[in-house]
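Written out below as structure tokens is the structure these notes cover.
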Amino acid sequence: MNPTNIGLCALLALLPSIATTAGAAEAASMPNIVYILADDLGYGDVGCYNPATKIPTPNLDHLATSGIRFTDAHAPASVCTPTRYAILTGRYCWRSRLKHGVLAPWGETLIEKDRLTVPSLLKKHGYATACIGKWHLGWQWATKDGRPPRSGPDRLSNVDFSQPIAAGPTTRGFDYYFGTDVPNYPPYCFIENNHTLGIPSLPNRPEFNNRGPMLPGWQWVDIMPELTRRAVKYIDDAAKASPRRPFFLYFPLTAPHYPVVPAAEFKGKSLAGDYGDFVAQVDWTVGQVLEAIRRAGIADNTLVIFTSDNGPEITGEVNPGVYDRIRQYGHYSMGELRGAKRDTWEGGHRVPMLARWPGKIKPGSLSTETMCHIDLMATVSAILDTELPDNAGEDSCNILPVLLGQPYDHPVREATVHHSCNGYFAIRKGSWVLIDHATGDDNREPEWFKRERGYTIHHQPGELFDLRQDLPERRNLYAEHPETVRELKELLEKYKREGRSSPGKPQKCVTADMGGKIDTTSWSNRNTVSGE
């Protein structure tokens, strides 16, 4: 073999290692991403959104001043499960089999097996991925008798906890999972990857509305401290890993969702009762994460996003609920907005959203652009400088220019669809929002609150508000602007029909459990419960 051929063969032999090194170098230049999702935190709970809040939130307020604060950010739904599905897939959850409500206890996995998720996209580009916290997107539980999981008369179940749990987070793009499915759902224990930590063998105490097997010694008050400890440890370990990979930490908290159980050191920290103290604990958790990032020396290359999955809880299960808190403590968790969790009004889905990325996001920035949690997928794709396939992120829009303060010549989102617990739709375009169901159909406001805010209910087929002029949604303009109503209705139907709302080829909405194409005239489903 002549010297030229020998050199060529040597070069060819080196190509795989060169490619690997180049890929590793590319990955190493990518930012870490930490996405913190509070549970049932209201727009008016955080100091930087509500100067009159009764709750101290110094860490969140600092996050706002060191990064960007969004005043028009929205969860894609006003309850938990559909928001989580949308965050991780970039697709509205009402396109899945779940048409209203949330997954019930022991519910089956909601994210489709072959669907691209934010963590699976990041893994393809060299990221380590972890989910620590509340999952509430379903599992496939092994059972002792081969029948679906259930709770029997003894308040236990037929689940075989000695067997691996299938189709959980580690099958949907995450390398690692630690957390609890839902704090008030069985099984009452921690889950790590695909096993429960211990065998839940006792019936839980009857304090909460979903009974089932509990680990001996289980205490709800221990959940948030342990999740915080695990998240901090994950950041520490990821920063020390060799070779170091960028990481994505999805950190969905269990607070301030009920059971409202602030740790002893937070009791009395607020002027809004146990709920306010629990929000103060959420703020402390955020501070611990930010400190871990600083201590690890990775702050300058870490994008941190904080937000909430929907508006504040209305029911007395949180002792007291959002309206009773107003009367008891003078604290408005929804701020100046109308509505709360489960509603199509702004208070059901407009939530705090803060982001920090030193050197990229200008400190103290403020954005009034309409954002939606569903935009994470397209934004991550832009950070990675890659194109999404047409069957992924169908409703996700790239908000990276907004984060970075770059110019853009049109709204990031053409329109945004909101979805209530009962399966009702609203659609927002510009300053207009159309609530596409009859007034009063979904109204849980107490009469005293309606009088205080000056709300009047006149039965009409829907509600139309101009949020630029009327953010508290007091004046229904449905009858006065039929052309706007018609335009928004047509756009909503187009989004349903085409299977997407972001640019790209139309997609069919097909689900196995419904046996084919979704009927867009009827968004009903029985695999849900009305609350969480």
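Following the working numbering, the numbering of the sequence shown begins with 1 at its first residue and continues without gaps. Cβ atoms here follow ideal geometry from the backbone N, Cα and C, with glycine treated the same way.
Nearest in C-alpha terms to P262, of all of Q460, V221, M214 and G348, is V221. Here DSSP, grouped into helix, strand and coil, assigns P482 to helix.
The C-alpha of R342 lies about 5 Å from the C-alpha of S78. Inside the stretch 274 to 347, DSSP marks whole beta strand (DSSP E) runs of 3 or more residues at positions 302 to 308, from first to last along the chain. For E108, same chain residues with a beta-carbon under 8 Å away, outside a window of 5 residues either side, are G138, W139, Q140, A167 and N527 in chain order.
In this structure, D309 and T83 form a Cβ contact; the two beta carbons are roughly 4 Å apart against a cut-off of 8 Å. Boundaries of the beta strand (DSSP E) harbouring V34: N32 to A38, taken from the DSSP string. According to DSSP, residue pairing for L249 in a beta bridge involves V34 and A130.
In this structure, I55 lies near D45, with their beta-carbon atoms less than 8 Å apart. Going by beta carbons, H74 and T368 fall outside the 8 Å limit.
Here T170 carries a helix assignment [DSSP, helix/strand/coil]. Taking the C-beta atoms as reference points, T65 is found nearer than 8 Å to P363. Within the stretch 55 to 101, the alpha helix (DSSP H) runs of at least 4 residues that lie entirely inside it are, in chain order, 58 to 65 and 80 to 89. With distances taken between CA atoms, G339 lies nearest to G311 out of D324, H257, G311 and V260. Here the stretch 215 to 232 makes contact with the stretch 189 to 201; the two share three or more CB pairs at distances below 8 Å. In this structure Y85 is buried. Its beta-carbon is surrounded by 16 or more other beta-carbon atoms within 10 angstroms.
Out of K450, F425 and I383, the CA that lies nearest to the CA of Y92 is found in F425. L354 is bridged by DSSP to R69 and F306. Listed as beta-bridge partners of G504 by DSSP are no residues whatsoever.
A residue is called buried once 16 or more other Cβ atoms fall within 10 Å of its Cβ, and A52, having fewer, is exposed. In the displayed model, F449 falls within a helix according to three-state DSSP. Following the DSSP letters along the chain, one finds K144 in no alpha helix (DSSP H), marked with neither H nor E.
Under the Cβ criterion (8 Å, minimum of three pairs), the stretch 449 to 461 does not count as touching the stretch 420 to 434. Given a length threshold of 4 residues, each whole run of the alpha helix (DSSP H) inside the stretch 362 to 410 is given here in chain order: 376 to 384 and 400 to 404. A426: member of the beta strand (DSSP E) spanning F425 to K429, first to last residue. About 28 Å separates the Cβ atoms of A231 and L202, ruling out a contact at the 8 Å cut-off. DSSP lists M214 as the beta-bridge partner residues of Y188. Cα atoms of V289 and K240: separation of roughly 16 Å, rounded to the nearest angstrom. Here V417 is bridged, per DSSP, to I427. Scanning its chain for C-beta atoms nearer than 7 Å, with the 5 sequence neighbours on each side dropped, one finds around G321 the residues E313, I314 and T315, in chain order. In the DSSP assignment, I235 falls within the alpha helix (DSSP H) that extends over I223 to K240.
Here I435 is near G462, since their CB atoms are less than 8 Å apart.
Ranking A38, G198, T129 and T143 by CA distance to the CA of T171 puts T129 first. In this model, K505 and I457 are separated by some 41 Å (Cα to Cα). Straight-line spacing of the CA atoms in C48 and L156 works out to 44 Å. Between the stretch 490 to 501 and the stretch 393 to 406 there are three or more inter-stretch CB-CB distances shorter than 8 Å, so the stretches are counted as touching.
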